[in-house]
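Before any comments, here is the structure.
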Amino acid sequence: MVTKKVFEALKWASSYLKKHNRDENAGEWLLLWILNMDRSKLLAEQRMSLTEDQWHHFEQVVKQHALGKPIQYIIGYEEFYGRRFMVNEHVLIPRPETEELIEAVLHRINHLFPGNQHLKLADIGTGSGAIAITIKLERPDLEVMATDISQDALKVANSNAQVLGADVTFRQGDLLMPILQTGEKWDIILSNPPYIPAHDVLDKIVQDHEPSLALFAGEDGLDFYRRFALELPKVVHEKSLIAFEIGAGQGEAVVALMKEVFPTALTEILFDINGKDRIVLIQCGSE
Ligand code: SAM
Ligand code: GLN
1 MVTKKVFEAL KWASSYLKKH NRDENAGEWL LLWILNMDRS KLLAEQRMSL
51 TEDQWHHFEQ VVKQHALGKP IQYIIGYEEF YGRRFMVNEH VLIPRPETEE
101 LIEAVLHRIN HLFPGNQHLK LADIGTGSGA IAITIKLERP DLEVMATDIS
151 QDALKVANSN AQVLGADVTF RQGDLLMPIL QTGEKWDIIL SNPPYIPAHD
201 VLDKIVQDHE PSLALFAGED GLDFYRRFAL ELPKVVHEKS LIAFEIGAGQ
251 GEAVVALMKE VFPTALTEIL FDINGKDRIV LIQCGSE
């Protein structure tokens, strides 16, 4: 029987991953998932023998990761805002930066719309559903709708909403089309759209494995914000909040685009923990 003890398997994984320029600690993460254990239990079980199946499965996933497959696509989930979101190759793996967008928006909603109003919030390009579902669970009183152009992404978002018990509705369509078609007006529009310039060189893991539909946005990465600027005035109430995640260095350009169509709005650029501009907030009708 070909198998290994826990410590031998981990040792093999860390040297294999190191040889392939990957994080040596990824092996532990994968073994925890295969054995369905927490870290302290794994540390206590270093001399336990893996079954043959467990060892083969471990070897296989370590090799997949060494070839570049993100761990989250192997194990099938990522933690976001303290909850577990299922992910697959059709959706962007939700990022910690996006948690900061949620924080900022929840705070502004309290401030801008105090009391118990019936507010409607839409998340455009929802991917795994991370933004829409988190907001709904944090603020169950809001009516939340989310869109994506990708039917495959919407399937993932829908499952996440069901598993997490979030009452979010989903619509498929190109940017604001699903709203424009109905003529409704919304109070809050959020989006983490694709914003990477077409020719940017990305980390190979991101470039080769995450959907390019979720990442790229024309020559300068601003294509989606340009389209938002054209379409947003038709879909928001006079008093409304718009919030975008943006790429580092895009803040001023995005604010300028929004100022063209909402000249009296209050705009803010927020910076992430690394000091990079990450979020643009536009408050209409509160001036
Ligand atoms: N909101 C998710 C998050 O923050 O993790 C995913 C963000 S990902 C950067 C952008 C999403 O926009 C992808 O799910 C992609 O399918 C979607 N998308 C791309 N082009 C779109 C379009 N024209 N209309 C609507 N959604 C689009
Ligand atoms: N934050 C993602 C990355 O750096 C990009 C997401 C996006 O384009 N909105 O890979």
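If you're matching positions, the sequence shown starts at 1 in full-length UniProt numbering and goes up one per residue.
Glycine included, C-beta positions come from ideal geometry on N, C-alpha and C.
Small disclaimer: the values here were computed from a predicted structure and weren't measured.
Nearest-angstrom Cα separation, counted from residue j out to residue i
i    : j    : result
L222 : F228 : 10 Å
V62  : D53  : 14 Å
A132 : A122 : 7 Å
K120 : I179 : 12 Å
K18  : A26  : 10 Å
V2   : R84  : 34 Å
F216 : R171 : 22 Å
L106 : E99  : 11 Å
D203 : N21  : 12 Å
H237 : G173 : 21 Å
W33  : T182 : 45 Å
I74  : S159 : 18 Å
Whole-Å CB distance - residue i paired with residue j, under 8 Å assumed
i    : j    : result
D187 : F113 : 7 Å
I279 : I246 : 7 Å
R226 : L257 : 6 Å
A253 : K276 : About 14 Å separates the two Cβ atoms, so there is no contact after all.
V144 : V168 : 5 Å
K239 : S286 : 6 Å
A9   : W55  : 6 Å
Any non-hydrogen atom of ligand 2 closer than 7 Å to residue i Cβ
i    : result
Y225 : no
E245 : yes
P197 : no
L222 : no
V206 : yes
L215 : yes
E97  : yes
N88  : no
Closer than 7 Å: residue i CB and nearest ligand 1 heavy atom
i    : result
H91  : His is not the amino acid found at residue 91; the sequence shown has Val there. Checking every heavy atom of ligand 1 against the Cβ of V91, one is found closer than 7 Å.
S150 : yes
D23  : no
E130 : The displayed chain sequence assigns Ala, not Glu, to residue 130. It does: the Cβ of A130 is within 7 Å (strictly closer) of some heavy atom of ligand 1.
I133 : no
G127 : yes
Host alpha helix (DSSP H) of residue i (start-end)
i    : result
S15  : 6-19
M258 : 251-261
T98  : 96-112
D174 : Looking at the DSSP string, D174 is not in any alpha helix (DSSP H), and its letter there is neither H nor E.
F216 : Counting along the chain, F216 falls outside any alpha helix (DSSP H), and DSSP gives it neither H nor E.
Limits of the unbroken beta strand (DSSP E) element including residue i
i    : result
K120 : 120-124
D200 : Segment: none, D200 is in no beta strand (DSSP E) and carries neither H nor E.
S240 : 236-245
S191 : 186-191
A161 : Note, A161: premise wrong, no beta strand (DSSP E); alpha helix (DSSP H) at 151-164.
F271 : 266-271
E143 : 143-148
R227 : No beta strand (DSSP E) contains R227, which is instead part of the alpha helix (DSSP H) from 223-231.
Worksheet item: Does the segment 126-133 touch the segment 145-160, meaning 3 or more C-beta pairs lie closer than 8 Å?
Response: yes
Discussion item. If contact is defined by three or more beta carbon pairs under 8 Å, each pair taking one atom from either stretch, is the segment 256-273 in contact with the segment 205-219?
Written reply: no
Worksheet item: With contact counted as at least three CB pairs below 8 Å, one residue from each stretch, are the segment 84-100 and the segment 190-210 in contact?
Response: Yes, the segment 84-100 is in contact with the segment 190-210.
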